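Counted from 1, the sequence shown has number 1475 at position 189 by the working numbering; the numbering is strictly sequential.
The structure appears below as structure tokens.
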Amino acid sequence: MPGGEVSVRWEVANDESFRRVIQEGAETARPELAHSIHVEVDGLEPGREYFYRFKAGSEISPIGRTKTAPAAGASISEMTFAFASCQQYEHGYFTAYRRMAEEDLDFVVHLGDYIYEYGTLEDVAPNGNVRAHNSPRVRTLEDFRDRYALYRSDEDLRAAHAAFPWILTWDDHEAENNYADEFPENGPKSDAFVQRRTDAYQAYYEHMPLRRSSMPQGPNATIYRRLSYGGLAEFNVLDTRQYRDNQADGDGKKPPTPETRDSDRTLLGEEQERWLLDGLASSGGRWNVLAQQVFFARSDKPGTFGVPLRDMDAWDGYDGSRDRIVDFMARRSVENPVVLTGNVHANWANEILADFDDPDSPAIATEFVGTSITSIGDGADVQPDTAKTLADNSYIKFFNDRRGYVRCRLTPDSWQTDYRVLPYVSEPGAPVITRASFVVENGDPRLRMAGEEPEATDTRVSPEVETSRI
Ligand code: FE
């Protein structure tokens, strides 16, 4: 774009043909925000469909469909949404979004890794990369903007954005792999990384449908927020990157140590944690959702001499943070807590125990972990260590290592999660199947399997998965 300001008109209509435009206006697109505009439309009716488009000069945008949330506290008999994360553009085609766009959803939740920062051939999927990033590793604001432009040019991703309203939060790769607050992946805090984070947050804000309240102020941006869906569900959208203490013991997969157990360490930061607990205490929602990034349940992986290894980037590296939240949920009888997770490029279904040291302790919450849209490529139904992981962690009930998204259907009585899975992403056009379904009943956080289909469309054997870059 040339450097000047551009006037952009917007329209909201009741119908797809825009015969009944019910609101319109104009905003100025400025180069300082990459010519993005963020329109906040008030006064729409709750719980109904609308269509919107933009006009600038002689150009008219494609049409987007959206749907407003129900009125606050309204009694809702049913709602369906999908959640997704982790879309390494080079690792596969975004067919999962094409299939998602064909669904009948009220909205989409994105749990981060919307872009990846790597240069070409810096991050190669086990079965090879099928397309290439458009620049070396992202370093400047201009680089971040170009990277978003590349991802947002994908037709399948565009179809999913055009079909539903989206609720987004970031994970690490929107700035840098496994960063923690002002600590980059490797090395100490530095001005260079703070500048990288500043540019990353700005480009994210510019290119995502976020409200102006999330506009960055220097290197900071508030994106944690709460959204309710009538009286049926309350979504606590979390930010587990910006305020966390640095990963314990140098990050990676490590045995638990006094540092991981140190109750002074935090994953959410003090302010966000208080905000979350206050919200859970006062919620009027039947289902109380934590829409967040990293694996919440304990997950012991086989280590040497029988000492388990845990992921220092996940809640396992921040025992005190997790204990405070789970204890609070138990003590205050928070109604139906459900954790939604991305980051690990595989599906899991977990019961959150009151005490992970006691496998007989009661389940307090339920966690559904989404696989990636493309990251690490085609994948496989299981990995060589799957059986042992499920045996060593009795509260983990399901694993899938193929790509896809997760569909959730909520009623006041039950929550059903369908793991929607694609047999391959290395070629376009894959079909989608429901690999497994789990049901949670109101008042009982335990998982009940509602059905499992074997994945049989693609039988290629995938190599051992490299998990250091999730
Ligand atoms: Fe990822």
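All residues carry an ideal CB built from backbone N, CA and C; glycine is no exception.
Predicted, not measured: the structure shown is a model, and the values here were computed from it.
Check, Outcome
"Helix, strand or coil, according to DSSP, for residue 1557 in the structure here?", "helix"
"Any heavy atom of ligand 1 closer than 7 angstroms to the beta-carbon of residue 1324?", "no"
"Would you mind working out which of 1310, 1449, 1406, 1489 sits nearest residue 1432, comparing C-alpha positions?", "1489"
"How is residue 1488 classed by DSSP in three states: helix, strand or coil?", "helix"
"My output table needs one value for residue 1748: the three-state DSSP class, helix, strand or coil.", "Summary for residue 1748: the model assigns pLDDT 46, below 50, so the residue's position carries little reliability; its value from the coordinates is reported in the next sentence. It is coil, neither helix nor strand."
"Residue 1768 lies in the beta strand (DSSP E); which residues open and close that run?", "This structure leaves residue 1768 out entirely; the chain is present only between 1287 and 1756."
"Mind listing, in chain order, the continuous alpha helix (DSSP H) runs of no fewer than 4 residues lying wholly within the segment 1434-1510?", "1441-1449, 1477-1493"
"Mapping the DSSP letters down to three states, classify residue 1568 as helix, strand or coil.", "helix"
"Can you give me the C-alpha to C-alpha distance between residue 1311 and residue 1697, rounded to a whole angstrom?", "37 angstroms"
"Would you say the beta carbon of residue 1833 comes nearer than 7 angstroms to a heavy atom of ligand 1?", "Nothing about residue 1833 can be read from this structure; the chain reaches only from 1287 to 1756."
"Give the secondary structure of residue 1607 by DSSP, where H, G and I count as helix, E and B as strand, and everything else as coil.", "helix"
"Provide the residue(s) that pair with residue 1620 in DSSP beta bridges, ordered along the chain.", "The partner list for residue 1620 (beta bridge, DSSP) is empty, contrary to what the question assumes."
"Helix or strand or just coil, what does DSSP make of residue 1304?", "coil"
"Three or more C-beta pairs closer than 8 angstroms, one from the segment 1370-1379 and one from the segment 1623-1633: is that the case here?", "yes"
"Residues bridged to residue 1840 by DSSP?", "Lying before the first or after the last residue shown, residue 1840 is absent from the chain, which here runs from 1287 to 1756."
"Where does residue 1313 fall in DSSP's three states?", "strand"
"My guess is that residue 1299 and residue 1308 are in contact by the Cβ rule of under 8 angstroms, so how many angstroms apart are they, rounded?", "6 angstroms"
"Just reading off the beta strand (DSSP E) that residue 1639 is part of, what are its end residues?", "1633-1639"
"Taking the CB atoms as reference points, tell me whether residue 1451 and residue 1393 lie closer together than 8 angstroms.", "yes"
"What are the boundary residues of the beta strand (DSSP E) that residue 1652 is part of?", "1649-1655"
"Whether or not the segment 1601-1615 and the segment 1641-1656 are in contact is what I'm after, with contact meaning three or more pairs of Cβ atoms, one per stretch, closer than 8 angstroms; do they touch?", "yes"
"Determine contact between the segment 1433-1445 and the segment 1375-1386, defined as no fewer than three beta-carbon pairs at a distance below 8 angstroms.", "yes"
"Considering only heavy atoms of ligand 1, does any lie closer than 7 angstroms to the CB of residue 1464?", "no"
"Taking the alpha-carbon positions, what's the residue 1586 to residue 1554 distance?", "22 angstroms"
"Use the C-beta contact count for residue 1690: other C-beta atoms within 10 angstroms, 16 or more gives buried, fewer gives exposed.", "buried"
"Using a 10 Å radius around the Cβ and a threshold of 16 neighbouring Cβ atoms, would you call residue 1305 buried or exposed?", "exposed"
"Please confirm whether any heavy atom of ligand 1 lies closer than 7 angstroms to the CB of residue 1459.", "yes"
"Can the beta-carbon of residue 1317 be found less than 8 angstroms from the beta-carbon of residue 1356?", "no"
"Measuring only the C-alpha atoms, how far is residue 1503 from residue 1644?", "44 angstroms"
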